[in-house]
Amino acid sequence: MPSMKTNLVIALAVGAFVSAMLLAIEPLTDFAYLSLEWPGITVAYFFWGAIGGPAFLGIAISWLVNALIYGLGAFAILSAVKVLRTG
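No gaps in the numbering here: position 62 of the sequence shown is 51 in the working numbering, and each next residue is one more.
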């Protein structure tokens, strides 16, 4: 069984991949999946409104927050599978 640290790294990698794919498919799907990016977009909007930073920084913040949110979900799933397999 993978250790907790390994599960965390896997979950963060999954979150980063999902977030990157959501950003990549935006123009191809005419923003049909934009609702899946709301956590990151909300944080980027507040950040941009607070300090007026460049759009690139807002996109980077959006990607990072979405990666953490989806990574948290993946971590919960991996932890639940680990508990179910050992219990």
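Beta carbons are placed, not taken as given, at the ideal position from N, Cα and C, and that holds for glycine.
| query | result |
| --- | --- |
| Determine, using beta carbons only, whether Tyr59 and Val(-2) come nearer to each other than 8 Å. | no |
| If you reduce the DSSP assignment to three classes, tell me which class Tyr34 lands in. | helix |
| In this structure, how does DSSP classify Ala21 when only helix, strand and coil are distinguished? | coil |
| Counting only the same chain and skipping the five closest in sequence on each side, list residues whose C-beta sits under 7 Å from that of Ala0. | Gly60, Ala63, Phe64 and Leu67 |
| Would you kindly check if the distance between the Cβ of Ala69 and the Cβ of Gly47 is under 8 Å? | no |
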